[in-house]
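See below for the structure under consideration.
Numbering (UniProt numbering), first residue to last: 1 to 118.
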């Protein structure tokens with residue numbers, strides 16, 4: 001392997017299955033097709049709740065790896081997936097809810113903060 005290939009890899013892989021994909025993509029076509037976009041909006045206890053996609057195995061694994069396996073590198077692909085599937089018109093800013101101090105100590109980072117920054 002050449003040094004330039006280490007610094008600038010040209011084989012971008014699907015974050016779910018590892019199959020090679022185009023550089024601007026996050027998932028291969030097969031994995032992308034398994035994610036069901038639902039754009040669900042509900043009001044629960046006077047709070048507007050939004051879910052861009054169904055909680056399938058792919059999404060579940062990404063979120064669990066991001067939160068509990070210290071996979072901070074998943075912040076960008078998850079943010080990209082959210083941005084792609086949500087209409088951010090009429091939104092002044094995106095923020096996060098501070099993480100409980102004990103959970104922050106265990107995880108070492110606030111996943112919601114990383115996601116909001118992306």
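Glycine included, each C-beta is placed from N, C-alpha and C at the ideal position.
Nearest-angstrom Cα separation, counted from residue j out to residue i
i, j, result
"residue 106", "residue 68", "9 Å"
"residue 116", "residue 76", "10 Å"
"residue 114", "residue 95", "10 Å"
"residue 102", "residue 63", "19 Å"
"residue 23", "residue 47", "37 Å"
"residue 81", "residue 32", "10 Å"
"residue 39", "residue 56", "14 Å"
"residue 44", "residue 73", "32 Å"
"residue 15", "residue 30", "12 Å"
"residue 42", "residue 85", "16 Å"
"residue 53", "residue 89", "18 Å"
Assigned exposure category for residue i - 16 Cβ within 10 Å defines buried
i, result
"residue 27", "buried"
"residue 91", "exposed"
"residue 35", "buried"
"residue 59", "buried"
"residue 49", "exposed"
Residues that residue i bridges to, as DSSP identifies them
i, result
"residue 41", "50"
"residue 20", "13"
Assigned secondary structure, residue i (DSSP; H/G/I helix, E/B strand, else coil)
i, result
"residue 13", "strand"
"residue 77", "helix"
"residue 92", "coil"
"residue 26", "coil"
"residue 119", "Only positions 1 to 118 of the chain appear in the structure, and residue 119 is not among them; the question remains open."
"residue 56", "coil"
"residue 109", "coil"
Presumed contact (8 Å Cβ cut-off) between residue i and residue j, rounded CB distance
i, j, result
"residue 108", "residue 65", "At roughly 14 Å, the Cβ-Cβ gap does not stay under 8 Å, so residue 108 and residue 65 are not in contact."
"residue 19", "residue 25", "About 10 Å; that fails the 8 Å criterion."
"residue 112", "residue 99", "7 Å"
Distance cut-off 7 Å: residue i Cβ against heavy atoms of the ligand FMN
i, result
"residue 53", "Judged by which ligands are present, the structure shown has none, so any question about the ligand FMN falls away."
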